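Novice: This is the structure I have questions about; it appears just below.
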Amino acid sequence: MTFISVIVPFYNAEKYIEDCIESLLSQEFRTDDYELIFVDNNSTDGSAEIVKNYPRIKYVSETKQSPYTARNRGIKETAGTIIAFTDPDCIAFPDWLAEIERGLTEPAVSVVLGQNLMGNSSPLLSMIQDYENEKEIYTFSSSDGRIYSAHTNNMAVRRELFEELGLFVERDRGADVIFVNGVVKKHSPRAVEYRELMKVRHMEIETPLDYYKKAFIYGMSLNQFKHVANFKSISFSQRLSIYMNVITKKKYSYPKSLALMVLLFVGALFWQAGAVSARFRPS
158 MTFISVIVPF YNAEKYIEDC IESLLSQEFR TDDYELIFVD NNSTDGSAEI
208 VKNYPRIKYV SETKQSPYTA RNRGIKETAG TIIAFTDPDC IAFPDWLAEI
258 ERGLTEPAVS VVLGQNLMGN SSPLLSMIQD YENEKEIYTF SSSDGRIYSA
308 HTNNMAVRRE LFEELGLFVE RDRGADVIFV NGVVKKHSPR AVEYRELMKV
358 RHMEIETPLD YYKKAFIYGM SLNQFKHVAN FKSISFSQRL SIYMNVITKK
408 KYSYPKSLAL MVLLFVGALF WQAGAVSARF RPS
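Per the working numbering, residue 158 is the first one in the sequence shown, and the count goes up by one each step.
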């Protein structure tokens, strides 16, 4: 049977971390077949104390400030053949680990990424959610691995892959994309799979503005790391195809279709603003 190690790096995550823990302890999965490793990355709030209250969790400390350094520290503590990642502001669905195990049943698949739901189901966030999910389906159905993205708040990797390719590049952002890019280059796009049913809820995204702030950060980080990976953004025509897929599959009305277009246009502006700002930052 599969043994899964779950790594959660945290830094001042007191607001959400207990809900994250409870969701991981409540998994519909064999209790003896997974472990939880939480890596404290210099928290100054009550996060560490909350984690230490749970005897089932292995508490680890990493003093070098970097989420990927913290994840690498966690990897070194693992015993699993599969290493799963999520973040302290995420709530895993009850079948999250079971979906990870199912996704890695196929020997050719070495990495699985799942769906990130918004923090609530407001009408505007639900439309953005529809688009983001469809974008992932479109991206990971492509034979062009250069457009494959990644997100370590909902991702699992075969341990042997880290042994083969090495750990994450230790940088503030984008190391997950660089890693997946390396997987595709070494093996093939078939080695990476998106699983729509492998879900976490990203509690930090509570409003469209929260989503736009993330878009700004992603635009900024992409332009800071794309020179070290063979990565390219999806084109405008591809985004238009994704948009059309959403309104067709979800049977959007004309007003709702227009509303989604406006939401995405604003998101694109935030992303571009982040990309522009990156040009004035040191590498």
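Backbone N, C-alpha and C fix where the C-beta goes; we use that ideal spot for every residue, glycine too. If you're wondering where the values come from, they're calculated on a predicted model, not measured in any experiment.
Can you say whether residue 297 is buried or exposed, counting buried as having 16 or more other CB atoms within 10 angstroms of its CB?
Specialist: It counts as buried.
Novice: In the DSSP assignment, find the alpha helix (DSSP H) that holds residue 281 and state where it starts and stops.
Specialist: Element bounds for residue 281: 280-297.
Novice: Taking the beta strand (DSSP E) that residue 243 falls in, what are its first and last residues?
Specialist: Run containing residue 243: 239-243, per the beta strand (DSSP E) assignment.
Novice: Between 245, 191, 203, which lies nearest to residue 357 when the distance is taken from Cα to Cα?
Specialist: The shortest C-alpha separation from residue 357 is found at 245.
Novice: Check this for me: beta carbons of residue 232 and residue 240, under 8 Å apart or not?
Specialist: Going by C-beta atoms, residue 232 is nearer than 8 Å to residue 240.
Novice: Restricting to runs no shorter than 3 residues, where is the beta strand (DSSP E) found entirely within the region 346-390?
Specialist: Runs of the beta strand (DSSP E) inside the region 346-390: 349-359.
Novice: What residue range does the beta strand (DSSP E) around residue 300 cover?
Specialist: Here residue 300 belongs to no beta strand (DSSP E), and DSSP marks it neither H nor E.
Novice: Go through its chain and collect everything with a Cβ distance to residue 218's Cβ below 7 Å, but skip five positions before and after it.
Specialist: The residues are 197.
Novice: Would you kindly report the start and end of the unbroken alpha helix (DSSP H) that includes residue 258?
Specialist: Its alpha helix (DSSP H) spans residues 253-260.
Novice: Assuming residue 312 is part of the beta strand (DSSP E), what are its boundary residues?
Specialist: Residue 312 -> beta strand (DSSP E) spans 311-315.
Novice: Please report how far the alpha carbon of residue 226 lies from the alpha carbon of residue 409, in whole angstroms.
Specialist: One C-alpha to the other measures close to 43 Å.
Novice: Give me, in chain order, the residues of the same chain whose beta-carbon lies closer than 8 Å to that of residue 204; leave out the 5 immediate sequence neighbours on both sides.
Specialist: Counting only Cβ-Cβ distances below 8 Å, and skipping sequence neighbours, we find 167, 168, 169, 170, 171, 174, 197, 245.
Novice: Kindly indicate which three-state DSSP category residue 197 falls into: helix, strand or coil?
Specialist: Residue state, collapsed to three classes: strand.
Novice: Nearest to residue 365 by alpha carbon, out of 268, 280, 353?
Specialist: If we check each option's Cα against that of residue 365, 280 comes out closest.
Novice: Going by DSSP in three states, residue 411 sits in which element: helix, strand or coil?
Specialist: Reduced to three states, the DSSP call for residue 411 is helix.
Novice: Please report the straight-line C-alpha distance between residue 302 and residue 412, rounded to a whole angstrom.
Specialist: Approximately 35 Å, taken between the alpha carbons.
Novice: Using the three-state DSSP reduction, which class does residue 270 fall into: helix, strand or coil?
Specialist: Residue 270: strand per DSSP, three-state reduction.
Novice: Under a Cβ-count criterion, where at least 16 other Cβ atoms within 10 Å of its own Cβ denotes burial, should residue 189 be classed as buried or exposed?
Specialist: Exposed is the call here.
Novice: Using the rule of at least 16 other Cβ atoms within 10 Å of the residue's Cβ for burial, across every protein chain shown, is residue 354 buried or exposed?
Specialist: Result: exposed.
Novice: Identify the continuous beta strand (DSSP E) that holds residue 165 and give its terminal residues.
Specialist: Looking at the DSSP string, the run of the beta strand (DSSP E) that includes residue 165 is 161-167.
Novice: If you run the structure through DSSP and keep just helix, strand and coil, what is residue 249?
Specialist: DSSP places residue 249 in strand when its eight states are reduced to three.
Novice: For residue 215, report the span of its alpha helix (DSSP H) as first-last.
Specialist: Note, residue 215: premise wrong, no alpha helix (DSSP H); beta strand (DSSP E) at 214-218.
Novice: Starting from residue 405, trace the alpha helix (DSSP H) both ways and give me its first and last residue.
Specialist: Looking at the DSSP string, the run of the alpha helix (DSSP H) that includes residue 405 is 393-406.
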